[in-house]
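Numbered by this note's numbering, the letters in the sequence shown go through residues 1008 to 1207 in order.
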Amino acid sequence: MEKQKKSSSLNERINLITSHMFKQYKEHTEATKHTKKLFEKLLQEMEEITDKLKQCFEKRKLHTSSALCQIDADRSVGVINILWNSLSFTTRGNTKPQALYRNEADPLFTGRILALNGNFYDASLDIQDQEYPDILECEIASLYIPADKTVPAVMKIRHIGDKEFYLNQGDAAKEFLMRTIEIICGGGIYHEEIDIDEQE
1008 MEKQKKSSSL NERINLITSH MFKQYKEHTE ATKHTKKLFE KLLQEMEEIT
1058 DKLKQCFEKR KLHTSSALCQ IDADRSVGVI NILWNSLSFT TRGNTKPQAL
1108 YRNEADPLFT GRILALNGNF YDASLDIQDQ EYPDILECEI ASLYIPADKT
1158 VPAVMKIRHI GDKEFYLNQG DAAKEFLMRT IEIICGGGIY HEEIDIDEQE
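This is the structure we're talking about:
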């Protein structure tokens, strides 16, 4: 009788674990599917926006190479170069269920599109071979895509902190792309300065 009770208790515990894991698996599978579709839209938008940038630069007598985009063979990385700015987008790293931590809401299992400052293929950045969390050193913003298509995607911008921006999944690709381009191109690069105190 005691043995039967233990066996029943063990089965219940195993059932709880498998139910929990299966729910995560299903959410991950759906979120990954939506993330791939949304990323494909982002790559298409990137090509269109690059063409528009080229046209605008040409009107200002700048060479068409002032705006270029590059997409890798497996379509998991896209890079856009705008004059001296490079911006990379990737879906690499969506290999297991991961939840978005939220201060005032339940964690949300999502896929993730990363926007990185710099060219993913520039060896000096050493982005290509990096895994999380090292790659996050170059993060500008991330777009988190939930399993449910009707739930808005969540955009988080690194320098703003925990603030969440909600984007309809239908428009999220273009909006995320444009906002990150505005962040990178709207800022400026400062001359490096030598700290005299450090040299002494």
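For every residue, glycine included, the Cβ atom is placed at its ideal position computed from N, Cα and C. Predicted, not measured: the structure shown is a model, and the values here were computed from it.
- Under three-state DSSP, which class holds A1122? As a first step, residue 1122 must be located in the sequence shown, where it is residue number 115. Strand at A1122.
- Assigned secondary structure, E1037 (DSSP; H/G/I helix, E/B strand, else coil): As a position in the sequence shown, residue 1037 is number 30, starting the count at 1. Reduced to three states, the DSSP call for E1037 is helix.
- Query: What whole-angstrom Cβ distance do P1153 and Y1173 have, given they're in contact under 8 Å?
  - Reply: Along the sequence shown, read from residue 1 onward, the residue named residue 1153 stands at position 146. Along the sequence shown, read from residue 1 onward, the residue named residue 1173 stands at position 166. Their Cβ separation, rounded to whole angstroms, is 11 Å, which puts P1153 and Y1173 out of contact at 8 Å.
- Considering only C-alpha positions, which residue in the set I1024, T1157, I1190 and I1087 is nearest to T1041? Taking the first residue of the sequence shown as 1, we reach residue 1041 at position 34. Reading off the sequence shown, one finds His at residue 1041, where the question assumed Thr. Among I1024, T1157, I1190 and I1087, the Cα nearest to that of H1041 belongs to T1157.
- Item | C-beta atoms of I1164 and L1094 nearer than 9 Å | Position 157 of the sequence shown, counted from the first residue, corresponds to residue 1164. Position 87 of the sequence shown, counted from the first residue, corresponds to residue 1094. For I1164 and L1094, no; Cβs fall outside 9 Å.
- Task: Taking all protein chains shown into account, decide if C1063 is buried (16 or more other Cβ within 10 angstroms of its Cβ) or exposed.
- Result: Stepping through the sequence shown from its first residue, residue 1063 is reached at position 56. Under this definition C1063 is an exposed residue.
- Contact test: A1148 Cβ vs the ligand MN heavy atom, cutoff 8 Å: As far as ligands go, the structure on display features none, and thus does not contain the ligand MN.
- Query: Do you know offhand how far S1197's Cα is from K1044's?
  - Reply: Locating residue 1197 in the sequence shown gives position 190, counting from the first residue. Locating residue 1044 in the sequence shown gives position 37, counting from the first residue. Sequence inspection shows Tyr at residue 1197; the Ser mentioned does not correspond to that position. Approximately 37 Å between the Cα atoms of the pair.
- State the Cα-Cα distance for the pair D1155 and Q1031, rounded to the nearest angstrom. The count along the sequence shown starts at 1 and reaches residue 1155 at position 148. The count along the sequence shown starts at 1 and reaches residue 1031 at position 24. The alpha-carbon atoms of D1155 and Q1031 are separated by roughly 13 Å.
- the stretch 1044 to 1053 touching the stretch 1177 to 1184, judged by at least three CB pairs closer than 8 Å: yes
- What did DSSP end up calling I1087 once you bin it into helix, strand or coil? Working through the sequence shown from its first residue, we reach residue 1087 at position 80. Residue state, collapsed to three classes: strand.
- Residue closest to L1107, alpha-carbon to alpha-carbon, out of Y1151, C1192 and Q1051: For the purposes of this step, residue 1107 is identified with residue 100 of the sequence shown, where counting begins at 1. Out of Y1151, C1192 and Q1051, Y1151 has the C-alpha closest to the C-alpha of L1107.
- Task: Could you tell me how far apart the beta carbons of N1124 and C1145 are, in whole angstroms, since I believe they sit closer than 8 Å?
- Result: Reading the sequence shown from its first residue, position 117 is the one you call residue 1124. Reading the sequence shown from its first residue, position 138 is the one you call residue 1145. Between C1145 and N1124 the Cβ distance is about 5 Å, and since that is below 8 Å, they are a contact.
- Query: Which same chain residues, not among the five before or five after E1052, have their C-beta less than 7 Å away from its C-beta?
  - Reply: Locating residue 1052 in the sequence shown gives position 45, where the first residue counts as 1. So the list reads A1180, K1181 and L1184, once near-sequence residues are dropped.
- Closest to N1088 by CA distance: which of Q1105, S1016 and I1191 is it? As a position in the sequence shown, residue 1088 is number 81, starting the count at 1. The option with the nearest alpha carbon to N1088 is I1191.
- Could you give the DSSP three-state label for Y1197: helix, strand or coil? For the purposes of this step, residue 1197 is identified with residue 190 of the sequence shown, where counting begins at 1. Note: Y1197 maps to coil in three-state DSSP.
- Could you say which of K1068, E1054, E1199 and N1101 lies nearest to S1083 if we only look at CA atoms? Here residue 1083 refers to the residue found at position 76 of the sequence shown. For the residues K1068, E1054, E1199 and N1101, the minimum Cα distance to S1083 belongs to N1101.
- Query: Should H1035 be labelled buried (16 or more other beta-carbon atoms within 10 Å of its own) or exposed?
  - Reply: By one-based count along the sequence shown, residue 1035 stands at place 28. Flag for H1035 reads buried.
- Query: Run through DSSP, which three-state label would T1071 get?
  - Reply: As a working note, residue 1071 is residue 64 in the sequence shown. If DSSP states are grouped into helix, strand and coil, T1071 belongs with the helices.
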